[in-house]
Amino acid sequence: MARKKIELDKDIENLVAKYIDTTEIDWNRLVNKSLKYYITNKLNSKEVKKLIKDSDAESAKYLDEYVRNNIDNHWNM
């Protein structure tokens, strides 16, 4: 697994610390889930489908949410 260095803004650092204390989620898991959620919501559906070839439940959840959000935005629901 690749190692990356990130620097958090002070406000984000405080939010992350509170979230980790509350949920007891592992730092790496939080970062991976957060980035995956953010990126899948920024890409179009063809790009997401191309990138997520696995049919695991978590990926399907993000893809489903992405499609629902874009349909709602497109149809002004």
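Numbering-wise, the sequence shown is residues -15 to 61 according to the numbering used here. Even glycine gets a Cβ: it sits at the ideal position worked out from N, Cα and C. None of these values were measured; they are calculated from a predicted model.
**Request:** Give me the Cβ distance between residue -8 and residue 4, rounded to the nearest whole Å; I'm assuming they're in contact under 8 Å.
**Result:** The residue labelled residue -8 in the question sits at position 8 within the sequence shown. The residue labelled residue 4 in the question sits at position 20 within the sequence shown. Between residue 4 and residue -8 the Cβ distance is about 12 Å, and since that is not below 8 Å, they are no contact.
**Request:** Return the CA-CA distance between residue 30 and residue 22, expressed in angstroms with no decimal places.
**Result:** Counting from one through the sequence shown, the residue named residue 30 turns up at place 46. Counting from one through the sequence shown, the residue named residue 22 turns up at place 38. Separation of residue 30 and residue 22 (C-alpha to C-alpha, rounded to the nearest whole angstrom) is 16 Å.
**Message:** Can you give me the C-alpha to C-alpha distance between residue 18 and residue -6, rounded to a whole angstrom?
**Reply:** Taking the first residue of the sequence shown as position 1, residue 18 is located at position 34. Taking the first residue of the sequence shown as position 1, residue -6 is located at position 10. For residue 18 and residue -6, the distance between alpha carbons rounds to 18 Å.
**Item:** Start-end ranges of the alpha helix (DSSP H) lying completely within the region -3 to 31, minimum 4 residues
**Value:** Whole alpha helix (DSSP H) segments, 4+ residues: 11 to 26.
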